[in-house]
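Trainee:
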Amino acid sequence: MNVNVVMTEDAPVIDNHQNFLINQLEGVPQSACKSLVLNGNLGYLTDIQFKAVLTKIRKGGAISITASDAMEIATALCWGRIDINTFSSLTSNIHKQYCLSDIKNILEHNGYVVETASIQDLVFHIRAKRP
265 MNVNVVMTED APVIDNHQNF LINQLEGVPQ SACKSLVLNG NLGYLTDIQF
315 KAVLTKIRKG GAISITASDA MEIATALCWG RIDINTFSSL TSNIHKQYCL
365 SDIKNILEHN GYVVETASIQ DLVFHIRAKR P
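Residue numbers for the sequence shown follow the working numbering, beginning at 265 and rising by one.
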């Protein structure tokens with residue numbers, strides 16, 4: 265099973281992935297996912313939901329996360345690369361802010377092997393496998 269976690273029912277589908285709304289993730293069995301994608305919605309997950317997501321990946325499966333990086337956003341605001349309105353739009357209505365190092369540590373702590381990790385502009389991308 266390949267899962268793309270989405271916020272709305274009309275979200276675009278990723279090739280070979282099935283869309284699941286955040287509040288429907290309980291319907292995905294543990295260790296069922298060969299691939300799970302979180303694209304831009306990590307901050308909308310509670311800690312409990314994120315931990316539950318990590319149990320959905322089967323051995324040999326991968327998780328791919330793309331999200332705003334809290335440290336990059338804060339740095340950009342401090343150095344004037346973004347204004348307060350942009351900062352607010354990137355940080356409002358989100359359960360939790362993460363930076364790349366936070367997610368890398370969480371994944372490694374849960375036994376995942378990080379394959380790639382990068383930051384571009386204000387966004388990070390990380391891909392990890394469950395051995």
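The beta-carbon is built from N, C-alpha and C at its ideal position, and this holds for glycine as well.
How far does the beta strand (DSSP E) with residue 382 in it reach, from first residue to last?
Mentor: Here the beta strand (DSSP E) through residue 382 covers 377-384.
Trainee: Name the two residues that bound the continuous alpha helix (DSSP H) containing residue 317.
Mentor: Taken as a continuous stretch (DSSP letters only), the alpha helix (DSSP H) holding residue 317 covers 311-318.
Trainee: Which residue wins for smallest C-alpha separation from residue 287, given the options 355, 333, 327, 305?
Mentor: With distances taken between Cα atoms, residue 287 lies closest to 305.
Trainee: Would you check if there are 3 or more beta carbon pairs closer than 8 Å linking the segment 308-326 to the segment 345-354?
Mentor: The segment 308-326 is not in contact with the segment 345-354.
Trainee: Tell me whether the beta-carbon of residue 284 lies closer than 8 Å to the beta-carbon of residue 270.
Mentor: Against a cut-off of 8 Å, the Cβ pair of residue 270 and residue 284 comes out as a contact.
Trainee: For residue 312, does the count of other Cβ atoms within 10 angstroms reach 16, so buried, or fall short, so exposed?
Mentor: When all chains shown are included, residue 312 counts as exposed.
Trainee: Report back the beta-carbon spacing between residue 332 and residue 391 to the nearest angstrom; my notes put them in contact at under 8 Å.
Mentor: Not a contact, Cβ separation roughly 17 Å.
Trainee: Between which two residues does the beta strand (DSSP E) containing residue 389 stretch?
Mentor: Unbroken beta strand (DSSP E) run through residue 389: 387-393.
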